[in-house]
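Have a look at the structure below before the remarks.
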Amino acid sequence: QVQLVESGGGLVQPGGSLRLSCAASRSIFTIYTMGWYRQAPGKTRELVARITSSGSTNYADFVKGRFTISGDNAKNTMYLQMNSLQPEDTAVYYCNTNPVLISPWGQGTQVTVSS
1 QVQLVESGGG LVQPGGSLRL SCAASRSIFT IYTMGWYRQA PGKTRELVAR
51 ITSSGSTNYA DFVKGRFTIS GDNAKNTMYL QMNSLQPEDT AVYYCNTNPV
101 LISPWGQGTQ VTVSS
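Per the numbering used here, residue 1 is the first one in the sequence shown, and the count goes up by one each step.
See below:
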């Protein structure tokens, strides 16, 4: 069973940047489309960005031009570079396949954007 561990979150001021990491317990990025998801308090979990096994990327409209998803297959690690962060980006960020296949979800990493 694959385990995913997210890291890299924290507290950042509006306009700041963070880079999130998603480490997989075994090689899956060459097989599956992977996604970054987020869940804000009181809201449902939503897809932020995804990357296919061949490296094609897609982004939700609300992060286009600000976030970049990438992967390092040799390290079994996926990244989310987040720039120009805004308070509405505050959420717990998770990674999983897209569509979601891995259960349970990882613990996520908290991103808080506040002055």
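By construction, the Cβ of each residue, glycine as well, lies at the ideal position given by its N, Cα and C atoms.
ask   = To which residues does DSSP link Asn73 through a beta bridge?
value = The partner list for Asn73 (beta bridge, DSSP) is empty, contrary to what the question assumes.
task = Give the straight-line distance between the Cα atoms of Ala175 and Gln1, rounded to the nearest whole angstrom.
result = The displayed coordinates of the chain run from 1 to 115. Any statement about residue 175 would go beyond what the structure contains.
ask   = Skipping 5 residues on each side, what residues in its chain have a beta carbon closer than 8 Å to that of Arg66?
value = Met82, Asn83, Ser84 and Leu85
message = Which same chain residues end up closer than 7 Å to Asn96 when comparing Cβ atoms and leaving out the 5 residues on each side of it in sequence?
response = Leu4, Gly35, Tyr37, Ile102 and Trp105
key: Per DSSP, cross-strand counterpart(s) of Phe67   = Met82
message = Spatial neighbours of Gly16 within its chain, please: C-beta separation below 6 Å, excluding the five flanking residues on both sides.
response = Leu85
query = For Ile51, which beta-bridge partners are listed by DSSP?
reply = Met34 and Thr57
ask   = Does the distance from the C-beta atom of Ser25 to that of Gly8 stay below 7 Å?
value = no
task = Hey, could you find the ends of the beta strand (DSSP E) Gly10 is sitting in?
result = Gly10 to Val12
query = Buried or exposed: where does Leu80 fall if 16 or more other Cβ atoms within 10 Å of its Cβ makes it buried?
reply = buried
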